[in-house]
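Now the structure itself:
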């Protein structure tokens, strides 16, 4: 293995408060990073960087951790352009649109689905995403859910079983029977291929009792819970997430004071998905309320073909700053360290000794430009596990 120093960094976001300026970002100005193999081994002022085999001059640009996208739905086929067009023409978003993607996904080959995942992951990588989670949920049969997870596992270790996305059209008149399937034969087939279990707890999908049964069954099989909670309406999802020690409650758009307090006092991360609100013209989550209460907040894309067809974390950062009450510092932390917390990872989402060497070099002097210059392709280079990949 060879060592590489990235020097002359105008501002380095480490997400380690013990480094740099002592803030949550651990910001270091005129900085350097040393990589040895797949790990960061040193950070500090550029003038104090140790000798290395290779040196790369950042030329006064900023470096941030690779983005950690902790919520996506990439194993799918088909297109929902017409649905998006209808929403933008005045029709409301409803959970039932998922059925369109289910039909297309069932009909697609394994190779086509895997190629689709690879396509969108490459798109995300070019925009700085180095760690991502993705889910099943567009098969809704034992065979199709298991194959979705096998396909996802070719591309990431962060794989989530979401047989409980909606009640399968095959069980439209027997939702209890579908819950039995999701918690029985489907779970047995899917558990070996996943780390997480998820459920869409919402009107038109699964109620609180059904969600509890599904997550509890998954936990008994060794899968850790996460949950789609409180996206379209007030509901029991957030409270259930905290009760079951879910790693994250995702969406969190409609919250009571009790929900906010529960998130602030528990270990569950509130993962906000502004791409969904943008694409459905829905009410924005109130990140400021959560942050002021002391909750841990993550930002993610929710990349999916129906309600948030974006793979761009920088775009979501800009939305969070503009429309959700976050500061640029809070948004970059939530898209990196916050995402890592939502996946219960300590090796990613930061640039500090011992962390995986996932770095994004921005064509800008500061991370603030991610919100300051929305829509501009600012990612100049990306390293994942110490290898330059963009």
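Numbering (the numbering used here), first residue to last: 158 to 547.
C-beta atoms are modelled at their ideal positions from N, C-alpha and C, and glycine is treated no differently.
Residue i and residue j closer than 9 angstroms at C-beta
{"i": "residue 217", "j": "residue 237", "result": "no"}
{"i": "residue 161", "j": "residue 231", "result": "no"}
{"i": "residue 215", "j": "residue 521", "result": "no"}
{"i": "residue 192", "j": "residue 169", "result": "no"}
{"i": "residue 325", "j": "residue 298", "result": "yes"}
{"i": "residue 541", "j": "residue 197", "result": "no"}
{"i": "residue 167", "j": "residue 187", "result": "yes"}
{"i": "residue 340", "j": "residue 374", "result": "yes"}
{"i": "residue 178", "j": "residue 203", "result": "no"}
{"i": "residue 473", "j": "residue 453", "result": "no"}
{"i": "residue 269", "j": "residue 309", "result": "no"}
{"i": "residue 380", "j": "residue 348", "result": "yes"}
With 16 other Cβ atoms within 10 Å as the buried cut-off, status of residue i
{"i": "residue 461", "result": "buried"}
{"i": "residue 311", "result": "exposed"}
{"i": "residue 227", "result": "buried"}
{"i": "residue 315", "result": "buried"}
{"i": "residue 440", "result": "exposed"}
{"i": "residue 487", "result": "buried"}
Nearest-angstrom Cα separation, counted from residue j out to residue i
{"i": "residue 504", "j": "residue 351", "result": "20 angstroms"}
{"i": "residue 451", "j": "residue 422", "result": "8 angstroms"}
{"i": "residue 484", "j": "residue 409", "result": "19 angstroms"}
{"i": "residue 537", "j": "residue 223", "result": "12 angstroms"}
{"i": "residue 275", "j": "residue 182", "result": "31 angstroms"}
{"i": "residue 246", "j": "residue 173", "result": "45 angstroms"}
{"i": "residue 389", "j": "residue 323", "result": "14 angstroms"}
{"i": "residue 510", "j": "residue 171", "result": "10 angstroms"}
{"i": "residue 494", "j": "residue 330", "result": "43 angstroms"}
{"i": "residue 425", "j": "residue 449", "result": "16 angstroms"}
{"i": "residue 225", "j": "residue 506", "result": "6 angstroms"}
{"i": "residue 294", "j": "residue 332", "result": "16 angstroms"}
{"i": "residue 371", "j": "residue 317", "result": "13 angstroms"}
{"i": "residue 518", "j": "residue 468", "result": "18 angstroms"}
Of the listed residues the options, nearest to residue i (C-alpha basis)
{"i": "residue 242", "options": "490, 463, 497 and 189", "result": "463"}
{"i": "residue 163", "options": "226, 189 and 363", "result": "189"}
{"i": "residue 159", "options": "211, 455, 172 and 367", "result": "211"}
{"i": "residue 555", "options": "348, 392 and 482", "result": "The chain is shown only over 158 to 547; residue 555 falls outside these bounds and no answer can be derived."}
{"i": "residue 286", "options": "245, 205 and 492", "result": "492"}
{"i": "residue 515", "options": "537, 177, 195 and 473", "result": "195"}
{"i": "residue 547", "options": "227, 284 and 315", "result": "284"}
{"i": "residue 429", "options": "420, 414, 456 and 416", "result": "456"}
{"i": "residue 271", "options": "240, 307, 229 and 523", "result": "307"}
{"i": "residue 544", "options": "438, 282 and 524", "result": "282"}
{"i": "residue 366", "options": "261, 394, 377 and 378", "result": "394"}
Residue i: CB within 8 angstroms of a non-hydrogen atom of the ligand GDP
{"i": "residue 290", "result": "Among the ligands in the structure shown, none appear at all, so the ligand GDP cannot be discussed."}
Q: Taking 8 angstroms as the threshold, find out whether the stretch 524-540 comes into contact with the stretch 303-317 through three or more Cβ pairs.
A: Touching, no, given that fewer than three Cβ pairs across the two stretches are closer than 8 angstroms.
Q. Any chance the stretch 397-407 sits against the stretch 492-501, with 3 or more Cβ pairs inside 8 angstroms?
A. Yes: the two stretches touch, three or more of their Cβ pairs being nearer than 8 angstroms.
Q.
I want to know whether the stretch 345-363 touches the stretch 378-386 - three or more CB-CB distances under 8 angstroms.
A. Contact holds: three or more Cβ-Cβ distances are below 8 angstroms.
Q | Segment contact, 8 angstroms Cβ cut-off, at least three pairs: the stretch 385-401 with the stretch 332-346 | A | No, the stretch 385-401 is not in contact with the stretch 332-346.
Q) Pairing CB atoms from the stretch 470-483 with CB atoms from the stretch 436-455, are three or more of them under 8 angstroms? A) Output reads yes: the stretch 436-455 touches the stretch 470-483.
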